[in-house]
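A.B. asks: First, the structure itself, so that you have it in front of you.
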Ligand code: GRG
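Below you can see the structure in the form of structure tokens.
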């Protein structure tokens, strides 16, 4: 079964709600809202919001319960791509087969679009009820996105030329830059479902392994990053081991974890056979 079919209901809810929340942004100032919609609706996989919803189900909650953090992590992910594509960072002209946000709307607008997506993500989290859940989600998601998470990893990636030549350096950068947002997506779903501390621990372990595996697989596909410090076979084995570890961590949750297992298998299938 394909990803789109397996997660049909999850993806439909995510798209519907993204459209609703960004439609409310058709008001003035129109230009920034247009750019936000452009950045969000250019064909991403929605891996992180699907992960939030699946983790909620794995802990016994209905996936609809986790929609606000799911939207929030997708907005944060989109902001990171918009800013990462800017001339001062990766200087990319194309993203998902379309002109990048700054190519379409200009650099100043792209900076503001990223800022707006990030702040909107936290506005959505503030709407979560009850308030103690909102506070937990705000704390976890802001930390994972900040200097001890995604931004920290990006800074290390920009500055740590020596570290990048080692496997340990790569692990650090990838765990922070890519892994933290994936880890916290899993955790946010579990928090939304009212998971027990044991379930939270298992889901977090799953998220950590899957997050690092995500970057290793991306590097295998791009023949970059990990493939510069280890052989293609070594990177493939590393990705496979991490994906197996992720699945092992949530084995105890039984059939409820079928979405999480599907996501892990989806990542495994992205690894080229040779
Ligand atoms: C805040 C500027 C800034 C950067 C933070 C996350 C990040 C660092 C930069 C974004 C670009 C990048 C290389 C990210 C690594 C993670 C990755 C492989 C992202 C692509 O994620 P997918 O495959 O993308 O889920 P889609 O297009 O499906 O949404």
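Residue numbers (this note's numbering): 90 to 363. Note that the Cβ used here is the ideal one computed from N, Cα and C, for glycine as well.
In the DSSP assignment, find the alpha helix (DSSP H) that holds residue 325 and state where it starts and stops.
C.D. replies: 321-339
A.B. asks: Is residue 144 closer than 7 Å to residue 292 when the C-beta atoms are compared?
C.D. replies: yes
A.B. asks: Among 360, 139 and 152, which has the Cα closest to the Cα of residue 323?
C.D. replies: 360
A.B. asks: With a threshold of 16 other CB atoms inside 10 Å of the CB of residue 151, please say whether the residue is buried or exposed.
C.D. replies: exposed
A.B. asks: Look up residue 239 in the DSSP assignment and say whether it is helix, strand or coil.
C.D. replies: Of the three classes helix, strand and coil, the one that applies to residue 239 here is helix, per DSSP.
A.B. asks: For residue 230, collect the residues of the same chain with a Cβ closer than 6 Å to its Cβ; drop the 5 residues on either side in sequence, then sort them by chain order.
C.D. replies: So the list reads 273, once near-sequence residues are dropped.
A.B. asks: For residue 107, which option in 304, 157 and 312 has the closest C-alpha, if you only look at C-alpha atoms?
C.D. replies: 157
A.B. asks: Should residue 169 be listed as close to the ligand GRG, given that the test is whether its C-beta is under 6 Å from any heavy atom?
C.D. replies: Yes - the ligand GRG has a heavy atom lying nearer than 6 Å to the Cβ of residue 169.
A.B. asks: Taking just the CA atoms, how far does residue 159 sit from residue 140?
C.D. replies: 8 Å
A.B. asks: Taking DSSP's pairing of strands, which residues face residue 125 in a bridge?
C.D. replies: Partner(s): none; residue 125 has no beta bridge.
A.B. asks: Within a Cβ cutoff of 7 Å, which residues of the same chain sit near residue 345, ignoring the five residues on either side of it in sequence?
C.D. replies: Within the same chain, residue 345 has close Cβ partners 146, 147 and 149.
A.B. asks: For residue 115 and residue 122, I'd like the C-alpha separation in whole angstroms.
C.D. replies: Cα to Cα, the separation comes out at about 6 Å.
A.B. asks: Please indicate yes or no: does the CB of residue 126 lie closer than 6 Å to some heavy atom of the ligand GRG?
C.D. replies: no
A.B. asks: How far does the alpha helix (DSSP H) with residue 302 in it reach, from first residue to last?
C.D. replies: 286-311
A.B. asks: How many whole angstroms separate the CB atoms of residue 198 and residue 124, which I take to be in contact at a CB cut-off of 8 Å?
C.D. replies: 5 Å
A.B. asks: Alpha carbon to alpha carbon, how far is residue 196 from residue 301? Give it in angstroms, no decimals.
C.D. replies: 31 Å
A.B. asks: Do you know whose CA, among 205, 184, 162 and 268, lies nearest residue 120's CA?
C.D. replies: Of 205, 184, 162 and 268, the residue nearest in Cα terms is 205.
A.B. asks: Can you tell me which of 284, 264 and 93 puts its alpha carbon nearest to the alpha carbon of residue 314?
C.D. replies: Nearest to residue 314 by C-alpha distance, out of 284, 264 and 93, is 264.
A.B. asks: I'd like to know whether the C-beta atoms of residue 365 and residue 267 end up nearer to each other than 7 Å.
C.D. replies: Any property of residue 365 remains undetermined from this structure, which presents the chain solely from 90 to 363.
A.B. asks: Go through the region 136-164 residue by residue and report every complete run of the alpha helix (DSSP H) that reaches 4 residues or more, in order.
C.D. replies: 136-147
A.B. asks: Please report the distance separating the alpha-carbon of residue 164 from that of residue 210.
C.D. replies: 6 Å
A.B. asks: For a test of your reading of the model: does the CB of residue 307 fall under 6 Å from any non-hydrogen atom of the ligand GRG? Yes or no.
C.D. replies: Yes.
A.B. asks: Is residue 187 near the ligand GRG - that is, is its Cβ less than 6 Å away from at least one heavy atom of it?
C.D. replies: no
A.B. asks: For the ligand GRG, any of its heavy atoms closer than 6 Å to the Cβ of residue 183?
C.D. replies: no
A.B. asks: Would you list the residues sitting across from residue 183 in a DSSP beta bridge?
C.D. replies: As a beta-bridge residue in DSSP terms, residue 183 pairs with 188.
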